[in-house]
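Below: one structure, written as structure tokens.
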Amino acid sequence: MLYYIFRFLEQYNIPGAHLWSYISFRSLLALILSLMISAWFGEYFIKWMKRRNISETARDPSIDPFGEQKKGVPTMGGIIIIVSILIPVLLLGRMRNIYLLLMIGTTVWLGFLGFMDDYIKIFRKNKEGLKGLYKIVGQVSIGFIVGLTLWLSPDAVVRENVTVPQQNQELVVKHKSEAVKSLQTTIPFIKNHNLNYSAVMSFLGDYKVAAGWVLFVIMTIIVVTAVSNGANLNDGMDGMCAGNSAIIGVALLIFAYISSHIIYAAYFDIMYIPGSQELVVFLSAFIGAMVGFLWYNAYPAQVFMGDTGSLTIGGIIGVCAVIIHKELMLPILCGIFFIESLSVIIQTQWFKLQKRKGKRVRVFRATPIHDTFRRLDSQLDQTSTYILKSWPHRPFHESKITIRFWITTIILAALTIITLKVR
């Protein structure tokens, strides 16, 4: 909103009004504003929740050895994150931008889905929360809407990168002059080559383009659902999910900025996406909200984000990656989320398989994988056999586990960014 006001004032030569045309100015302002909102609003939110006794109940000590210490800590802190993102974006963003509208829609949609889950857990005293089927339907729905919008919207276009040989046999990357609907997406590590979803469906002949878009929508649904669930599983220790998400947000911001700058996009051999600069404003607010939330969520946590925050965070990351055609980089960038999800799948499927044979065998000491590092021997199920019972050799305090997961995410984010230069 402020963007349009100051752009209007610019025509009257009002001093400073021209600054609002700079993406760097609006992005840094969004970062600062989201930090201030999360710090200020977070304090009042925590006090308000405590006065009404809306807080975390004592956790099962077999799951969380520090669960008793967390009794009485307010939850649903994802509301702080959502408010800290939306206010700066609504004030500083260019609201006619299709990508920004998709990000706002994703934030509201998944925020509401997570809120319903937390509401059922807290007010209806049902620790199971919202039924898993309803969660999946909600995640699939927003993935379908995003994928379909990117397919049908005339504003969601790119200028594809092409390699042009010069007279000295040097290859120069340029962009096509016309912005078009594109089914291409960046492949990590491989230079001068993008994956084209229509090429994957080339066996359908004349219908390959339509089939490619269908595949793209399906891929969008998978990405949004997987990353959203991964972030949800990662939210198990004080500051864990918020810290990892802030780091991932920085990497996505770099990708979005490069994709929105035609010179940088050519240099790094990726597609130029007109309008994606508004994602830089959104991601700046996202990063500010994450860091501001850590002010209260770092160990020992004064508030938990709950599913209101974790489902929203994962959805934001997934949708943003799809918009800038970097979804194939998420297994590296969101490696922590991927490993958390994979550990749960391995643990549950292996246990079910062995149970059919009359055995109780587990692979890890606990899942998601971060719980393995804090599980005490006395808390293990004595009726089960553990394949990796001796790993790790000793339990760690959750603050140490959290920081080491942050460090791992920093390494993965750096590796993801390096893939552009490797290409």
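Be aware that the sequence shown starts at -6, since it is given in my numbering, and climbs by one per residue.
Glycine is no exception: its CB is placed at the ideal position from the N, C-alpha and C atoms.
Leaving out five residues before and five after residue i in sequence, what residues of the same chain have Cβ atoms less than 7 Å from its Cβ?
| i | result |
| --- | --- |
| Ile403 | Ile240 |
| Val415 | Phe182 |
| Met(-6) | Leu83 and Leu84 |
| Val133 | Ile214 and Thr218 |
| Leu326 | Ile241, Ala244, Leu405, Ala406 and Thr409 |
| Tyr257 | Ile251 |
| Asn237 | Asn227, Ile329, Phe398, Trp399 and Thr402 |
| Ile180 | His186, Asn187, Leu188 and Leu321 |
| His386 | none |
So, are the CB atoms of residue i and residue j less than 8 Å apart?
| i | j | result |
| --- | --- | --- |
| Cys234 | Met322 | no |
| Met230 | Ile394 | yes |
| Phe279 | Ile309 | yes |
| Ile214 | Gly136 | yes |
| Asn154 | Asp262 | yes |
| Gly232 | Asn290 | yes |
| Gly302 | Ile30 | no |
| Gly311 | Val243 | no |
| Gly35 | Val296 | yes |
| Gly70 | Phe398 | no |
| Asn227 | Glu333 | yes |
| Gly428 | Thr305 | The question about residue 428 has no answer here: the residues shown for the chain are numbered -6 through 416. |
| Leu95 | Val139 | yes |
| Leu24 | Ser277 | yes |
| Gly104 | Gly223 | no |
| Arg0 | Ser14 | yes |
Specify the secondary structure class of residue i as computed by DSSP and reduced to three states.
| i | result |
| --- | --- |
| Ser383 | coil |
| Tyr265 | strand |
| Leu93 | helix |
| Pro181 | coil |
| Ser377 | coil |
| Leu176 | coil |
| Pro324 | helix |
| Leu188 | strand |
| Pro81 | helix |
| Arg397 | helix |
| Val354 | strand |
Below 6 Å CB to CB, which residues in the same chain sit around residue i once its five sequence neighbours on both sides are set aside?
| i | result |
| --- | --- |
| Ala282 | Ser27, Ser31, Ile74, Ser77 and Ile78 |
| Val354 | Gln347 and Thr378 |
| Ile149 | Ile is not the amino acid found at residue 149; the sequence shown has Ala there. Only Ile91 and Leu143 meet the Cβ criterion. |
| Thr365 | Phe357, Arg358 and Ala359 |
| Val151 | Ser175, Met264 and Ile266 |
| Asp110 | Gly122, Leu123 and Asp300 |
| Leu413 | Phe261 |
| Ile316 | Tyr92 |
| Phe2 | Phe is not the amino acid found at residue 2; the sequence shown has Leu there. Same-chain partners within the cutoff: Ala10. |
| Trp343 | Val356 |
Measuring only from the beta carbon, is residue i closer than 7 Å to any heavy atom that is part of the ligand FMN?
| i | result |
| --- | --- |
| Asp199 | The ligand FMN is absent from the structure shown, which contains no ligands of any kind. |
I'd like the list of long-range same chain contacts for residue i, defined as Cβ closer than 8 Å, with 5 residues on each side in sequence excluded.
| i | result |
| --- | --- |
| Pro67 | Phe38, Ile39, Met42, Lys43, Ile47, Ser48, Glu49, Gln295, Val296 and Phe297 |
| Leu93 | Val82, Gly86, Arg87, Glu271, Leu272, Val274 and Phe275 |
| Leu373 | Arg358, Tyr379 and Lys382 |
| Ile21 | The amino acid at residue 21 is misidentified as Ile; the sequence shows Leu. These residues qualify, in order along the chain: Ser277. |
Sufficient close CB pairs (3 or more, under 8 Å) joining the region 174 to 182 to the region 201 to 217: Verdict: yes, contact present.
Every unbroken beta strand (DSSP E) within the region 127 to 158, with a cutoff of 3 residues, ordered by chain: DSSP runs (the beta strand (DSSP E)) wholly in the region 127 to 158: 154 to 158.
Segment contact flag, the region 246 to 255 with the region 265 to 274, C-beta cutoff 8 Å, min 3 pairs: Three or more Cβ pairs drawn from the region 246 to 255 and the region 265 to 274 lie within less than 8 Å of each other, which places the two stretches in contact.
Beta strand (DSSP E) segments (min. 3 residues) lying fully within the region -4 to 39: Segments of the beta strand (DSSP E) lying fully in the region -4 to 39: there are none.
contact_flag[the region 191 to 206, the region 358 to 367] where n(CB pairs < 8 Å) is 3 or more: Between the region 191 to 206 and the region 358 to 367 there are fewer than three inter-stretch CB-CB distances shorter than 8 Å, so the stretches are not counted as touching.
Contained alpha helix (DSSP H) runs [length at least 4] in the region 223 to 309, N- to C-terminal order: When DSSP assignments are scanned along the region 223 to 309, the uninterrupted stretches of alpha helix (DSSP H) that are 4 or more residues long and fall wholly within it turn out to be 233 to 252, 255 to 260 and 270 to 290.
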